[in-house]
Amino acid sequence: MRGALVLVCLCVSCAHHASPPAEPEQAPDPEDAYTPARDPLIGPAWVQATGAYVVEKCRRPHKSSDVPADQPPDPPGVHVVDAGGGVEVRQACGLVANEVYAPGYVSRFAHEVCGLNDDKLDDACNKRFTDMFIARLSERYASASWSAVSQHCTAYPLECNTPIAIERNLLASHNAGIQAWYSGAVAYAQARQQAYFQQEAAAQAQAVEEHREERRRFWANVGNAVSAMGQAMAPPPSINCTSNTFGTMTTTNCH
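Counting in this note's numbering, the sequence shown runs from 174 upward without gaps.
Next up, the structure:
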């Protein structure tokens, strides 16, 4: 599937370099602002997702307005970004196509990999070059849905008519996969936290009920003990006797 995706237009002659869109400026977070990177629940997932994200343009120390108009697009690289709260993350940037389709790289590939004397690739060397490019894309965009990109390129071939166009589709699919993974990780963490809170609340309610039952049993035992003590200390009942005499017979009744 991956080979079928890119073989349609990965010959060297169809590689046209387009300037990638400028990356929007990111305003620094205020010191007292909430930063997901330091959130104890989602912070690890936020940092991991930020590091796995790939942007088309690498950040430079100077302003974008100072970049010469004829400067070539960014080859693949890594830059350091602020994930929030001062947490720095190394993030991939640039395009593989900008590197491998540069004239100097193609000529080196022809000489050093294929052993050709010419700077151009013959059919056999172009096959090896295509395999190399596919492997580089597979390595870089591990979270992309290749089947979905292939389907999109079949439906909209004009959007996949250059290596850069194909890579941009893979980059967008990869980043969508990272975002989906992050959303799932956050939902899972929140569900686990909610389950923990519910379990703790149930345990506390059970402990309160057990404490109340223990107190009821305690006071019931106290009441029984007091009642038994009262019975033991009560004075003996008084006996009243009356006698009735009839002639020589006397009858006595006591109660």
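For glycine and all other residues, C-beta sits at the position ideal for the given N, C-alpha and C.
Model, not experiment: these values are computed from the prediction.
Report task. Taking all protein chains shown into account, decide if Cys298 is buried (16 or more other Cβ within 10 angstroms of its Cβ) or exposed. Result -> Counting from one through the sequence shown, the residue named residue 298 turns up at place 125. By the neighbour-count rule (16 or more Cβ atoms within 10 Å), Cys298 is buried.
**Report entry** In chain order, each beta strand (DSSP E) run of at least 3 residues that lies wholly inside the stretch 334-376
**Finding:** Runs found: none.
Query raised in the report: Exposed or buried, what is Leu343 when buried is set at 16 or more other beta-carbons lying within 10 Å of its beta-carbon?
Result: In the sequence shown, residue 343 corresponds to position 170, counting from 1. Buried: at least 16 other Cβ atoms inside 10 Å.
Query raised in the report: Helix, strand or coil: how does DSSP classify Cys287 here?
Result: Numbered from its first residue, the sequence shown carries residue 287 at position 114. In this structure, Cys287 counts as coil in the three-state DSSP scheme.
Query raised in the report: Since Gln264 sits in a beta bridge, which residues does DSSP pair it with?
Result: The residue given as residue 264 occupies position 91 in the sequence shown. According to DSSP, which records beta bridges pairwise, Gln264 is partnered with His252.
Query - Three-state secondary structure (DSSP) of Cys136 - result: What the structure shows of the chain is the stretch from 174 to 428, and residue 136 is not part of that stretch, so it cannot be assessed.
**Report entry** Euclidean distance between Cα positions of Glu261 and Asp292
**Finding:** Residue mapping note: residue 261 aligns to position 88 of the sequence shown, counting from 1. Residue mapping note: residue 292 aligns to position 119 of the sequence shown, counting from 1. A direct Cα-Cα distance of roughly 42 angstroms separates Glu261 from Asp292.
Query raised in the report: Roughly how many whole angstroms lie between the Cα atoms of Tyr274 and Ala256?
Result: Position 101 of the sequence shown, counting from 1, holds the residue named residue 274. Position 83 of the sequence shown, counting from 1, holds the residue named residue 256. Computed Cα separation, rounded: 32 angstroms.
Report task. Please say whether Arg309 and Val269 have beta carbons closer to each other than 9 angstroms? Result -> Reading the sequence shown from its first residue, position 96 is the one you call residue 269. Reading the sequence shown from its first residue, position 136 is the one you call residue 309. Cβ atoms of Val269 and Arg309: closer than 9 angstroms.
Query raised in the report: Are the CB atoms of Thr425 and Asn417 nearer to each other than 9 angstroms?
Result: For the purposes of this step, residue 425 is identified with residue 252 of the sequence shown, where counting begins at 1. For the purposes of this step, residue 417 is identified with residue 244 of the sequence shown, where counting begins at 1. The criterion of a C-beta distance shorter than 9 angstroms is satisfied by Thr425 and Asn417.
Query - Of the residues Cys287, Asp247 and His347, the one placed nearest Ser320, counting alpha carbons only - result: Taking the first residue of the sequence shown as 1, we reach residue 320 at position 147. With respect to the C-alpha of Ser320, the residue from Cys287, Asp247 and His347 having the closest C-alpha is His347.
Query raised in the report: Identify the residues that DSSP records as bridge partners of Val228: which are they?
Result: Within the sequence shown, residue 228 is the residue found at index 55, counting from 1. The partner list for Val228 (beta bridge, DSSP) reads Cys266.
Requested in this report: Could you please give me the residues that DSSP links to Ser416 through a beta bridge?
Outcome: The count along the sequence shown starts at 1 and reaches residue 416 at position 243. DSSP output for Ser416 lists Thr425 as bridge partner(s).
Requested in this report: Following the continuous alpha helix (DSSP H) through Arg301, name the residue where it begins and the one where it ends.
Outcome: Here residue 301 refers to the residue found at position 128 of the sequence shown. Per DSSP, Arg301 belongs to the alpha helix (DSSP H) from Asp296 to Arg313.
Query - Residue closest to Phe264, alpha-carbon to alpha-carbon, out of Asn271, Gly258, His252 and Glu272 - result: On the sequence shown, position 91 is the one that residue 264 refers to. Here residue 264 turns out to be Gln, not Phe, going by the sequence shown. Just measuring C-alpha positions, the residue of Asn271, Gly258, His252 and Glu272 sitting nearest Gln264 is His252.
Requested in this report: With a threshold of 16 other CB atoms inside 10 Å of the CB of Pro194, please say whether the residue is buried or exposed.
Outcome: Along the sequence shown, read from residue 1 onward, the residue named residue 194 stands at position 21. Note that Pro194 scores 37 on pLDDT, short of 50, meaning its location in the model is unreliable; the coordinates nonetheless yield the value given after this. Burial call: exposed.
Requested in this report: Could you check what DSSP says for Cys214 in three-state terms: helix, strand or coil?
Outcome: Translated into positions along the sequence shown, residue 214 becomes position 41. For the sequence presented, residue 214 should be read as Leu rather than Cys. Three-state result, Leu214: coil.
Query - Rounded C-alpha distance that separates Ala368 from Gln221 - result: The residue labelled residue 368 in the question sits at position 195 within the sequence shown. The residue labelled residue 221 in the question sits at position 48 within the sequence shown. Using only the alpha carbons, I get a separation of about 24 angstroms.
Report task. State yes or no: is the C-beta of Ala218 within less than 9 angstroms of the C-beta of Tyr355? Result -> Mapped onto the sequence shown, residue 218 falls at position 45. Mapped onto the sequence shown, residue 355 falls at position 182. The Cβ-Cβ distance between Ala218 and Tyr355 falls below 9 angstroms.
Report task. For Thr415, count neighbouring Cβ atoms within 10 angstroms of its own Cβ and tell me buried if that reaches 16, exposed if not. Result -> Position 242 of the sequence shown, counted from the first residue, corresponds to residue 415. Exposed, by the Cβ-count rule.
Report task. Round the Cβ separation of Val228 and Cys266 to the nearest angstrom and send it over; I've been treating them as touching at under 8 angstroms. Result -> Translated into the one-based positions of the sequence shown, residue 228 becomes position 55. Translated into the one-based positions of the sequence shown, residue 266 becomes position 93. Your pair Val228 and Cys266 checks out as a contact, with CB atoms roughly 5 angstroms apart and the cut at 8 angstroms.
Query raised in the report: Under the three-state reduction of DSSP, which class applies to Gly396: helix, strand or coil?
Result: By one-based count along the sequence shown, residue 396 stands at place 223. Here DSSP, grouped into helix, strand and coil, assigns Gly396 to helix.
Query raised in the report: Cα separation between Thr303 and Arg281?
Result: Start at 1 with the first residue of the sequence shown, and residue 303 comes out as number 130. Start at 1 with the first residue of the sequence shown, and residue 281 comes out as number 108. Their Cα atoms are separated by approximately 15 angstroms.
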